[in-house]
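Numbering (our numbering), first residue to last: 263 to 376.
Okay, structure first, notes after.
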Amino acid sequence: MNKDVTAYLADVPAERQSHVTQLHELIVGLYPNATVDMSYRMPTYRVGEGWVALANQKRYVSLYTCGEVHLAAFKKKHPDIKTGKGCINFKESDRLPITALKQVVRHAIEHPKG
Numbered sequence: 263m264n265k266d267v268t269a270y271l272a273d274v275p276a277e278r279q280s281h282v283t284q285l286h287e288l289i290v291g292l293y294p295n296a297t298v299d300m301s302y303r304m305p306t307y308r309v310g311e312g313w314v315a316l317a318n319q320k321r322y323v324s325l326y327t328c329g330e331v332h333l334a335a336f337k338k339k340h341p342d343i344k345t346g347k348g349c350i351n352f353k354e355s356d357r358l359p360i361t362a363l364k365q366v367v368r369h370a371i372e373h374p375k376g
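Listed below in structure tokens is the structure:
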């Protein structure tokens, strides 16, 4: 992992550090050989053409994917967690549904075009 990613992850405020750490470990655990670098000022994890990214926002942590198709099952199963077209936004109070997130990450990495 490059020094910019390491610095980004270390600079996440304490109240969101747990979410960022859990998401980072989930992604790297699934894809230990992923290329991890900064893209659009976010840690981005790439395997082939597939990718996911993390972002520390003002009031939440986001997991970005390369399209809304990767989130379809997650949105149905977790309607209480805010999502966008291709991202999931976790408030500090949200529990991370790890099993569902593994499916999102795998789908985004393994099926980048949907």
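Where a beta carbon is used, it is the ideal one built from N, C-alpha and C, also for glycine.
(Q) Can you look up residue 363 in the DSSP assignment and give me helix, strand or coil? (A) helix
Q) Residues bridged to residue 317 by DSSP? A) 324
Q: Return the chain-ordered list of same chain residues with a C-beta closer than 8 Å to the C-beta of residue 319, the five sequence neighbours on each side being excluded.
A: 351
Q. Taking DSSP as the reference, what is the three-state secondary structure of residue 312?
A. strand
(Q) Quick check: the stretch 311 to 328 against the stretch 273 to 291, are at least 3 beta-carbon pairs closer than 8 Å? (A) yes
Q) Do residue 373 and residue 314 have their C-beta atoms closer together than 9 Å? A) no
Q) How about the stretch 328 to 347 and the stretch 296 to 310: do they share at least three Cβ pairs that are nearer than 8 Å? A) no
Q: Rounded to whole angstroms, what's the CA-CA distance from residue 369 to residue 302? Just pull it up for me.
A: 21 Å
Q: Could you tell me whether the Cβ atoms of residue 277 and residue 354 are closer together than 9 Å?
A: yes
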